[in-house]
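*Asks:* First the structure, which I've put down as structure tokens, then a few questions once you've had a look.
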Amino acid sequence: MSENSLSLAGSSEHMFDSNQPHPAPRIRPQFKTTIDEAWDPTAEPDEDNEEPLWTDLQLASRSGDLTSVKEILTCTAPERRAEIVNTPPRGYYGFTALQAACVRGHQDVVRVLLDAGADVHASGGNNLHRNAFEIACGQGNLEIVKTLVEAGAVVNPTRVTRYNGRTPIQAASSGNSANGDASQEIISLLLDRGADVNAPASDVAGMTALQAACFWGQTSIVRLLLGKKANVNAPAGKFKGFTALQAASFGGHAELVELLLEHGADVNAPGSQLKGGTALHAVVDRGHVEIVQTLLAAGADPNIGNGRRHGTGTSPRQTAFVLGRTEIGELLTRAGATGPFTGGQIAFGHW
Numbered sequence: 000m001s002e003n004s005l006s007l008a009g010s011s012e013h014m015f016d017s018n019q020p021h022p023a024p025r026i027r028p029q030f031k032t033t034i035d036e037a038w039d040p041t042a043e044p045d046e047d048n049e050e051p052l053w054t055d056l057q058l059a060s061r062s063g064d065l066t067s068v069k070e071i072l073t074c075t076a077p078e079r080r081a082e083i084v085n086t087p088p089r090g091y092y093g094f095t096a097l098q099a100a101c102v103r104g105h106q107d108v109v110r111v112l113l114d115a116g117a118d119v120h121a122s123g124g125n126n127l128h129r130n131a132f133e134i135a136c137g138q139g140n141l142e143i144v145k146t147l148v149e150a151g152a153v154v155n156p157t158r159v160t161r162y163n164g165r166t167p168i169q170a171a172s173s174g175n176s177a178n179g180d181a182s183q184e185i186i187s188l189l190l191d192r193g194a195d196v197n198a199p200a201s202d203v204a205g206m207t208a209l210q211a212a213c214f215w216g217q218t219s220i221v222r223l224l225l226g227k228k229a230n231v232n233a234p235a236g237k238f239k240g241f242t243a244l245q246a247a248s249f250g251g252h253a254e255l256v257e258l259l260l261e262h263g264a265d266v267n268a269p270g271s272q273l274k275g276g277t278a279l280h281a282v283v284d285r286g287h288v289e290i291v292q293t294l295l296a297a298g299a300d301p302n303i304g305n306g307r308r309h310g311t312g313t314s315p316r317q318t319a320f321v322l323g324r325t326e327i328g329e330l331l332t333r334a335g336a337t338g339p340f341t342g343g344q345i346a347f348g349h350w
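The opening position of the sequence shown corresponds to residue 0 in my numbering, with each subsequent residue numbered one higher.
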């Protein structure tokens, strides 16, 4: 076998003889059957009914079918392997083969794809646009993260996509709660390799590492990031964003709210320009009475407007009564809230 050929079980020594035509990758029957039976072109897009847009290699990688992955690559001319391996994703939920393997945690498939020339930094599909490394960090798969770092993954990218973009450390901090310990190890690994703990949030639905950890209630990760000088008052992203305190308040994470206040979190920091509000707006929206009391005791302004223009917009009390949270509305009134009881626009209604 030529030195450019993969060492794959069951491959023929003459497979890439220059005098022989290179066969096209074969469509495996189990993939074709699954596609034909599952696909409804009238349905709303989801990962399953978009299968006809996926290549066989992408499907096999997603399924963790190492035998099929090797077979497809064996049936591909060496000079075309990188092209086949890096076929761009199609559809809203599409992934490259490497991204698909990272989503499902198939480390053996990841290694084979990398050996075949998979691009660690190829952009994802329309859903999140995240590359394989960002996906692996978000999934909390430590071994795959290490493998991708060895393959040259960029730990500290200079930019991420505008919509819902995440740097690797931001993705890891969003963390898969089932893999909390692994996510902490990933974050430590990234920091050791120069990851910016305060990389700014992307414009739309973005979060810093600390904001993401607070949103998902990852207390141990929050403590780790604060110990690494994460900015507790980093501004919310422009649209659909949160400060760390707003994120913890929205999620009802009372312990984190207390911790952030102890570290100097601004209780009246403005929220996003669109779909945003202060920490008090966030907690009123979700109905967490205990945290409302905590924020008021810390100096939260019961008359502040939502959005970045303080003094305008919907007040926390309006939010409470519009949502039928009478107990909270009365609590805010006793705390000095004035103005209308109804009207305005609910700050966080989009979540």
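Just so you know, even glycine gets a beta-carbon here, dropped at the ideal spot from N, CA and C.
(1) As an exercise, report each continuous alpha helix (DSSP H) stretch of at least 4 residues that is fully enclosed by the stretch 90–163, in chain order.
(2) What would DSSP say about leucine 244, mapped onto helix, strand or coil?
(3) Check the C-beta distance from leucine 113 over to alanine 96 and give it rounded, since I have them as a contact under 8 angstroms.
(4) Got a sec, what are the start and stop residues for the alpha helix (DSSP H) lysine 69 sits in?
(5) Give me the Cα-Cα distance between alanine 297 and leucine 260, rounded to the nearest whole angstrom.
(6) I need the DSSP call for phenylalanine 340, collapsed to helix, strand or coil.
(7) Taking contact to mean at least 3 C-beta pairs separated by less than 8 angstroms, is the stretch 204–223 in contact with the stretch 233–250?
(8) Starting from glutamate 289, trace the alpha helix (DSSP H) in both directions and tell me its first and last residue.
(9) Applying the criterion that 16 or more other CB atoms from any shown protein chain within 10 Å of the CB defines a buried residue, is lysine 228 buried or exposed?
(10) From the DSSP output, which residues share a beta bridge with leucine 273?
(11) Go ahead and label aspartate 284 buried or exposed: buried means 16 or more other beta carbons lie within 10 angstroms of its beta carbon, across all protein chains shown.
(12) Isoleucine 303 to isoleucine 327, Cα distance in whole Å?
(13) Using a 10 Å radius around the Cβ and a threshold of 16 neighbouring Cβ atoms, would you call aspartate 107 buried or exposed?
(14) How far does the alpha helix (DSSP H) with serine 219 in it reach, from first residue to last?
(15) By DSSP, does valine 196 sit in helix, in strand, or in coil?
(16) Tell me, to the nearest whole angstrom, how far the beta carbon of phenylalanine 238 is from that of alanine 204; I am working on the premise that it is less than 8 angstroms.
*Replies:* Looking at the atomic coordinates:
(1) 96–103, 106–114, 131–138 and 141–149
(2) helix
(3) Their Cβ separation, rounded to whole angstroms, is 11 angstroms, which puts leucine 113 and alanine 96 out of contact at 8 angstroms.
(4) 65–73
(5) 8 angstroms
(6) coil
(7) yes
(8) 288–296
(9) exposed
(10) Phe238
(11) buried
(12) 15 angstroms
(13) exposed
(14) 218–226
(15) coil
(16) 7 angstroms
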